[in-house]
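According to UniProt numbering, numbering within the sequence shown proceeds without interruption in unit steps and concludes at 152. We put the CB at the ideal spot given by N, CA and C, even for glycine. Keep in mind that this is a model prediction, so the values were computed, not measured.
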Amino acid sequence: MSVSGLCRSTYYTAPTLAERKLAIDDNRRALDDAAVLNAACYMQVVGGLPQGTKDLYEAREQVKQGIRQLLPHSKDVGVPIALEPLHPMTAADRSCLCTLRQALDWCDELDPDGEFGLGVAVDVYHVCGIRSSPVRSCVPENASSRFMFPTG
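Given below as C-alpha coordinates:
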(Lines of atoms letter the chains of each structure in order from A; the text may use other names.)
(Lines give C-alpha, C1' and ligand atoms only; values in the text may rest on other atoms or scores of the structure.)
Protein backbone atom coordinates (compact mmCIF):
# COMPACT_ATOMS: atom_id res chain seq x y z
CA MET A 1 0.00 0.00 0.00
CA SER A 2 1.18 3.53 -0.72
CA VAL A 3 -0.01 6.90 0.49
CA SER A 4 -0.73 9.27 -2.38
CA GLY A 5 -1.02 12.29 -0.12
CA LEU A 6 -1.67 13.44 3.41
CA CYS A 7 -4.66 15.76 3.48
CA ARG A 8 -5.29 18.30 4.84
CA SER A 9 -3.40 21.18 6.28
CA THR A 10 -4.14 23.48 9.16
CA TYR A 11 -5.40 26.78 7.77
CA TYR A 12 -2.68 29.42 7.52
CA THR A 13 -5.01 32.38 7.87
CA ALA A 14 -5.64 33.82 11.33
CA PRO A 15 -6.31 37.20 12.89
CA THR A 16 -3.10 37.24 14.97
CA LEU A 17 0.55 36.52 14.31
CA ALA A 18 0.64 34.10 17.25
CA GLU A 19 -2.19 32.04 15.72
CA ARG A 20 -0.47 32.04 12.33
CA LYS A 21 2.75 30.76 13.94
CA LEU A 22 0.78 27.96 15.62
CA ALA A 23 -0.69 27.00 12.24
CA ILE A 24 2.77 26.89 10.66
CA ASP A 25 4.02 24.70 13.52
CA ASP A 26 1.02 22.40 13.06
CA ASN A 27 1.75 22.11 9.36
CA ARG A 28 5.41 21.42 10.06
CA ARG A 29 4.41 18.50 12.33
CA ALA A 30 2.03 17.24 9.65
CA LEU A 31 4.89 17.26 7.15
CA ASP A 32 6.81 15.07 9.57
CA ASP A 33 3.81 12.71 9.74
CA ALA A 34 3.61 12.65 5.95
CA ALA A 35 7.28 11.67 5.82
CA VAL A 36 6.73 8.80 8.27
CA LEU A 37 3.88 7.59 6.03
CA ASN A 38 6.09 8.02 2.95
CA ALA A 39 3.30 10.13 1.45
CA ALA A 40 3.80 11.38 -2.09
CA CYS A 41 2.71 14.89 -1.03
CA TYR A 42 1.19 16.99 1.73
CA MET A 43 -2.00 18.58 0.43
CA GLN A 44 -2.79 22.15 1.42
CA VAL A 45 -6.31 23.46 1.87
CA VAL A 46 -5.05 26.86 2.90
CA GLY A 47 -7.81 28.70 4.76
CA GLY A 48 -10.21 31.50 4.02
CA LEU A 49 -10.62 34.96 5.44
CA PRO A 50 -9.30 35.46 8.97
CA GLN A 51 -12.07 36.07 11.48
CA GLY A 52 -13.12 39.71 11.56
CA THR A 53 -11.71 40.69 8.16
CA LYS A 54 -12.83 40.86 4.55
CA ASP A 55 -9.35 41.42 3.12
CA LEU A 56 -8.82 38.62 0.60
CA TYR A 57 -5.45 40.02 -0.46
CA GLU A 58 -4.15 39.89 3.13
CA ALA A 59 -5.46 36.33 3.56
CA ARG A 60 -3.58 35.24 0.45
CA GLU A 61 -0.41 36.94 1.67
CA GLN A 62 -0.68 35.13 5.01
CA VAL A 63 -0.96 31.81 3.19
CA LYS A 64 2.01 32.51 0.94
CA GLN A 65 4.12 33.57 3.93
CA GLY A 66 3.25 30.34 5.72
CA ILE A 67 4.04 28.15 2.73
CA ARG A 68 7.28 30.03 2.13
CA GLN A 69 8.33 29.20 5.70
CA LEU A 70 7.51 25.50 5.28
CA LEU A 71 9.20 24.86 1.95
CA PRO A 72 12.69 24.20 3.38
CA HIS A 73 11.25 21.70 5.88
CA SER A 74 9.27 20.07 3.09
CA LYS A 75 12.50 19.54 1.20
CA ASP A 76 14.33 18.30 4.31
CA VAL A 77 11.73 15.58 5.00
CA GLY A 78 11.29 14.71 1.31
CA VAL A 79 7.57 15.43 1.06
CA PRO A 80 6.49 18.05 -1.49
CA ILE A 81 3.67 20.44 -0.68
CA ALA A 82 0.68 20.30 -3.02
CA LEU A 83 -1.58 23.36 -3.16
CA GLU A 84 -5.22 22.44 -3.62
CA PRO A 85 -7.37 25.20 -5.11
CA LEU A 86 -11.03 25.11 -4.13
CA HIS A 87 -14.05 26.66 -5.81
CA PRO A 88 -14.28 30.45 -5.26
CA MET A 89 -17.48 30.06 -3.25
CA THR A 90 -15.24 28.66 -0.46
CA ALA A 91 -12.94 31.72 -0.39
CA ALA A 92 -14.39 33.12 2.82
CA ASP A 93 -14.22 30.02 5.00
CA ARG A 94 -12.03 27.28 3.48
CA SER A 95 -9.64 28.46 0.80
CA CYS A 96 -8.58 31.82 -0.53
CA LEU A 97 -6.72 29.85 -3.23
CA CYS A 98 -9.54 29.60 -5.73
CA THR A 99 -8.36 28.60 -9.20
CA LEU A 100 -5.92 26.25 -10.83
CA ARG A 101 -4.28 29.18 -12.60
CA GLN A 102 -3.79 30.95 -9.27
CA ALA A 103 -2.25 27.82 -7.72
CA LEU A 104 0.20 27.50 -10.61
CA ASP A 105 1.09 31.19 -10.27
CA TRP A 106 1.78 30.69 -6.56
CA CYS A 107 4.04 27.74 -7.40
CA ASP A 108 5.99 29.94 -9.80
CA GLU A 109 6.19 32.75 -7.24
CA LEU A 110 7.11 30.65 -4.19
CA ASP A 111 9.28 28.01 -5.86
CA PRO A 112 10.41 29.51 -9.18
CA ASP A 113 13.16 26.99 -9.92
CA GLY A 114 11.30 23.95 -8.54
CA GLU A 115 13.88 23.42 -5.79
CA PHE A 116 11.21 22.46 -3.23
CA GLY A 117 8.88 20.48 -5.51
CA LEU A 118 5.92 22.75 -4.75
CA GLY A 119 3.00 21.55 -6.84
CA VAL A 120 -0.75 21.49 -7.25
CA ALA A 121 -3.18 18.81 -6.10
CA VAL A 122 -6.03 18.64 -8.58
CA ASP A 123 -9.42 17.57 -7.29
CA VAL A 124 -11.63 17.89 -10.34
CA TYR A 125 -14.70 18.31 -8.14
CA HIS A 126 -13.31 21.65 -7.01
CA VAL A 127 -11.82 23.01 -10.24
CA CYS A 128 -13.87 21.72 -13.17
CA GLY A 129 -17.06 23.53 -12.24
CA ILE A 130 -15.49 26.93 -12.81
CA ARG A 131 -16.49 28.03 -16.30
CA SER A 132 -13.91 30.77 -16.56
CA SER A 133 -10.98 28.43 -15.98
CA PRO A 134 -11.43 24.96 -17.43
CA VAL A 135 -8.51 22.75 -16.52
CA ARG A 136 -6.99 22.42 -20.00
CA SER A 137 -7.02 26.12 -20.80
CA CYS A 138 -5.09 27.16 -17.71
CA VAL A 139 -2.38 24.53 -17.77
CA PRO A 140 0.74 25.66 -19.63
CA GLU A 141 2.58 22.91 -21.49
CA ASN A 142 5.64 23.19 -19.24
CA ALA A 143 3.64 22.84 -16.01
CA SER A 144 3.39 19.04 -15.95
CA SER A 145 5.93 18.69 -13.15
CA ARG A 146 3.76 20.83 -10.87
CA PHE A 147 0.78 18.45 -10.80
CA MET A 148 -0.06 15.79 -8.26
CA PHE A 149 -3.19 13.72 -8.69
CA PRO A 150 -3.93 12.04 -5.36
CA THR A 151 -6.24 9.05 -5.71
CA GLY A 152 -8.52 7.19 -3.36
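- Cβ contact annotation for D93 (same chain, cutoff 7 Å, sequence separation greater than five): G48, in chain order.
- Ranked by Cα distance from V3, the first of M43, V120, R29 is M43.
- In the three-state reduction of the DSSP assignment, L17 falls in the helix class.
- Judged by DSSP secondary structure, L110 falls within the alpha helix (DSSP H) whose first and last residues are 100-110.
- The C-beta separation of G119 from P85 comes to about 12 Å, leaving the pair out of contact by the 8 Å criterion.
- Rounded to the nearest whole angstrom, the C-alpha separation of P112 and K21 is 24 Å.
- Per DSSP, V120 is one residue of the beta strand (DSSP E) stretching across 119-121.
- In this structure, D123 is the residue among D123, Y57, M1 with its C-alpha nearest to the C-alpha of L83.
- Annotated three-state conformation of S4 is coil, per DSSP.
- Looking only at A39, C41, V63, C107, the smallest Cα-Cα distance to P50 is reached by V63.
- S95 is positioned such that its CB atom lies no closer than 9 Å to that of V36.
- Non-local beta-carbon contacts of C7 in its own chain, meaning distances under 6 Å to residues more than five positions away in sequence, involve M43 in chain order.
- Within the DSSP bridge table, the entry for I81 names Y42 as partners.
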